[in-house]
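According to the numbering used here, the sequence shown is numbered sequentially starting from 997. By construction, the Cβ of each residue, glycine as well, lies at the ideal position given by its N, Cα and C atoms. Everything numeric in this text was worked out from a predicted model, so none of it was measured. Okay, structure first, notes after.
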Amino acid sequence: MRSPALRHVLTHLVTPLLMCLGMGLAYMGAFVTPEPHHLPVAVVGSGPEAKVFAQTVKDKAGEALDVRTVATRAEGVDLLTSREITGAYVPSAKTPELVIASAASDMDALAVEKVFTPVAAGQGVPLKVTDVAAPVADDPTGQGLFFLLIALSIGSYASVAALGAAGAGLPMRVRVLLAVGVSAVVSGIGALLAGPVFHLAHHDLAGLWGMAWLYSAGILLIGVGLHTFLKRWTTLAMMVLFVMLNFTSSGGLYRPELQNGFFGTLHAFWNGAGFVEGARSLLYFGSDGLARNVWTLVIWLLLGLAATAVAAAYERGREPEEVAPAVQEADVDEEVEETVGV
């Protein structure tokens, strides 16, 4: 190609076009056709009639449901609050009841209602729905935590461009300290939004801030480490890791039971899922399962520290390179524009 300027423009178009393709594949693949896959539910009852009823429901649903029986309604509620099931159906000739915990997932609760409403209608009686763990009134769908995740993620990965490019001349230890400081600011903004502004968290705001800091710091440190090797392609890598794969597998809109196996598998260990499920545990389920989700965030933070350590070793092994201030500033502007433009 004869024109360097045209080649420069076309090279920079590669990143947004790949983002377009990746976002389309990720979001449409994860959210367009949600269908139940082994959605765990329970039928309350210990006699032969309950077991036959549960098997009948399972036979009709096929792979959409995993149906078990529990002896008592209280046992069903315990399984709901530990998020081992999404609904517990209590058969009755007069007032059949479906017990749900919509704070775990509003979409899962709706899916299980769609399953058992026709069952009750077939008996000629209305279905009573009892929600034992509903979201706060300020967040009636329970999806506010997902949008908080988005805000934290954007604040974190967008800051990587500035820290990686503008701070390229700084020692790695200084960039790491800056990343830790920026993550404290990002998580503080998140806590402010979740607490005083939108009232998503009516208690344990300090704990929510702590998880937000772990989440943000992990992203920032991974980004700072990657920037040493990927340079201007860091933005694309961060988008893949912390938007395309992260938002779609977080469980903020659909939990893995309503998604295909790929995103359901990512949900088990990705950092966005660790934050969303940890926040749900803290705010709605008495911290049940919180430790596991916190450890998920800690592991991602350790991955970030490892990335910066490898990058620091690599930089020490290179000869010092002089970078013209004007060129460095142009690189910063290009990276920030690409990041914000998405």
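Starting from residue i and walking both ways along the alpha helix (DSSP H), at which residues does that stretch end?
i	result
G1268	N1267 to Y1280
L1241	Neither: L1241 is in no alpha helix (DSSP H) and is coded neither H nor E.
F1258	G1257 to H1263
S1152	G1140 to A1157
G1072	R1069 to T1077
Which of helix, strand or coil does DSSP assign to residue i?
i	result
D1135	coil
G1247	coil
L1166	coil
T1126	strand
V1328	Because V1328 sits at a pLDDT of 49, beneath the cut-off of 50, its placement in the model cannot be relied upon, and the following sentence gives the value as read from the coordinates. Of the three classes helix, strand and coil, the one that applies to V1328 here is helix, per DSSP.
E1093	strand
N1289	helix
A1180	helix
S1098	coil
H1223	helix
P1030	coil
T1007	helix
A1308	helix
T1113	helix
K1172	Going by the sequence as given, residue 1172 is Val instead of Lys. Residue state, collapsed to three classes: helix.
L1232	helix
V1193	helix
G1313	coil
V962	Missing from the structure shown is residue 962; the chain here goes from 997 to 1338 and no further.
S1283	coil
D1344	One cannot answer for residue 1344 here, as it falls past the ends of the chain, which runs 997 to 1338.
G1041	coil
E1253	helix
S999	coil
To which residues of the same chain is residue i closer than 6 Å at the C-beta, ignoring the five residues directly before and after it?
i	result
V1338	Confidence is the limiting factor: at V1338 the pLDDT is only 45, short of 50, which leaves the residue's position unreliable and the question unanswerable from this model.
V1328	In this prediction, V1328 scores a pLDDT of 49, lower than 50, which makes its location untrustworthy; no coordinate-derived value is stated.
G1268	L1145, N1242 and S1246
G1300	G1214, L1217 and I1218
Y1085	V1039, L1094 and F1112
V1066	A1038, V1040 and G1072
R1251	S1101 and D1104
L1226	A1233
G1285	S1277
For residue i, write down the residues that DSSP places opposite it in a beta bridge.
i	result
P1036	D1062
L1301	DSSP output for L1301 lists no bridge partner at all.
Starting from residue i, follow the beta strand (DSSP E) in both directions and report where the run begins and ends.
i	result
E1045	Element bounds for E1045: not the beta strand (DSSP E) but the alpha helix (DSSP H), P1044 to A1057.
A1084	G1083 to V1086
By Cβ distance, which residues of its chain are closer than 7 Å to residue i, with the 5 residues on each side in sequence left out?
i	result
A994	No information on residue 994 is available, as it lies outside the stretch 997 to 1338 that the chain covers here.
N1289	G1270, E1273, G1274 and S1277
F1142	S1246, G1248, L1249 and V1272
What does a CB cutoff of less than 8 Å around residue i pick up in its chain, not counting 5 residues either side in sequence?
i	result
V1128	V1073, L1076, T1077, V1095, I1096 and A1097
D1102	P1131, T1137, G1138 and Q1139
I1081	P1036, V1037, A1038, R1064, G1072 and L1075
R1169	A1308
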